[in-house]
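Colleague:
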Amino acid sequence: MEFDWSKYFNAENLERLIIAVIIIVVGLILIHGVSYLVKRLLPKTLSKQRQMIISRAINYTGYLALAAVIIAELKIPVAPLFGTAGVIGLVVGVASQTSIGNIVSGFFLVSEKSFEIGDVIRVGDKSGVVYSIDLLSIKIKTFDNLLLRIPNQTIISTELTNVTKFPIRRLDFNVSVAYKEDLKKVKELLERVTKQNPLCLDEPEPLIVFKEFGSSSIDILLGVWFEKTNYLAVKNSIFLDIKSTFDAEGIEIPFPHVTVYTGEVTKPFPIIQKEEKA
């Protein structure tokens, strides 16, 4: 018995197929055009994360509408599709429980707003700038220009630090001076360093704490407040200012010393032998 291909390959179906292809091309152009236009019209004050959510909502809605139009144009029966989709969904759901968990965790991350695109975060021993927030994972651009992918479930269950959440932050410096130094003078010098640095904020005031008597030094904590965008500039400038100020004022920053004695041993060590008793 020969299969009747004429039911499928005929002029009417070919016409529908051509129209469907044209609809797909025009529909994709319209979807991406609208998404681009909306991005341009969104206010600049809107966060990158919300811009991404709006853009993806437009894209996904457009894709669903386009799929519905194509199904209607090709006159594909919908009922069998729903039945097949249900079976496939059940199989995929059982086989990809981890992916579903990541999708659910992604919704929690977006609603919680612990971080946004462009924030600097630290997860475990990894840190970098949030590059994108997707359904299954977030992507971080590390400071050495690597792309790091972390599953959403890992983010939800791991301690996360948002370094740039607030407009200002504090940077701590551990400073050590010799025991012979005048601590009042050292404190005055550190205050002068922070006041003369234009990147350090006057409010909140810098923090100076005498931490402890170390094994070879007195350890001091210096904390300075600054705008989050000036991190590297503050870190480098304060280091240079402390070193140059201490050198100019004769303040010693101690460091471990190792003394090595060299030379020949003129007398051998005596060898003591035990006498055995009979």
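Here this note's numbering is used: the first residue of the sequence shown is 452, the next is one more, and so on.
Note that the Cβ used here is the ideal one computed from N, Cα and C, for glycine as well.
(1) Do the segment 639-648 and the segment 683-695 meet, that is, are 3 or more Cβ pairs less than 8 Å apart?
(2) Can you tell me whether DSSP reads A546 as helix, strand or coil?
(3) Which of the three DSSP states is assigned to T609 in this structure?
(4) Considering just the uninterrupted stretch of the alpha helix (DSSP H) at L752, what are its terminal residues?
(5) Given a threshold of 16 other Cβ atoms within 10 Å of its Cβ, counted over all protein chains shown, does M452 qualify as buried or as exposed?
(6) Check each candidate in L611, E567, F559, G557 and name the one with the smallest Cα separation from D576.
(7) State the Cα-Cα distance for the pair Y682 and F594, rounded to the nearest angstrom.
(8) Please classify I589: is it buried, with 16 or more other beta-carbons within 10 angstroms of its beta-carbon, or exposed?
(9) Can you look up L673 in the DSSP assignment and give me helix, strand or coil?
(10) Helix, strand or coil, according to DSSP, for S668 in the structure here?
(11) By the three-class DSSP mapping on this structure, what secondary structure does E703 have?
(12) Could you tell me whether the segment 484-497 touches the segment 556-565, where touching means 3 or more Cβ pairs closer than 8 Å?
Modeller: This is what the structure gives:
(1) yes
(2) Taking the first residue of the sequence shown as position 1, residue 546 is located at position 95. Residue confidence for A546 is low, a pLDDT of 47 falling below 50, so the modelled location carries little weight; the figure read from the coordinates is stated next. A546 falls in the helix class under three-state DSSP.
(3) To locate residue 609, count along the sequence shown from 1; it is residue 158. Here T609 sits in coil by DSSP.
(4) Lying before the first or after the last residue shown, residue 752 is absent from the chain, which here runs from 452 to 729.
(5) For the purposes of this step, residue 452 is taken as residue 1 along the sequence shown, with counting starting at 1. Legend: pLDDT at M452 = 47, less than 50; position of this residue unreliable, value from coordinates given subsequently. Result: exposed.
(6) On the sequence shown, position 125 is the one that residue 576 refers to. The shortest Cα separation from D576 among L611, E567, F559, G557 belongs to L611.
(7) Mapped onto the sequence shown, residue 682 falls at position 231. Mapped onto the sequence shown, residue 594 falls at position 143. Approximately 13 Å, taken between the alpha carbons.
(8) Taking the sequence shown and counting its residues from 1, one reaches residue 589 at position 138. Counting Cβ neighbours within 10 Å, I589 comes out buried, since at least 16 surround it.
(9) Numbered from 1 along the sequence shown, position 222 holds the residue referred to as residue 673. Of the three classes helix, strand and coil, the one that applies to L673 here is strand, per DSSP.
(10) As a first step, residue 668 is located in the sequence shown; it is residue number 217 there, counting from the start. Here S668 sits in coil by DSSP.
(11) Locating residue 703 in the sequence shown gives position 252, counting from the first residue. Here E703 sits in coil by DSSP.
(12) no
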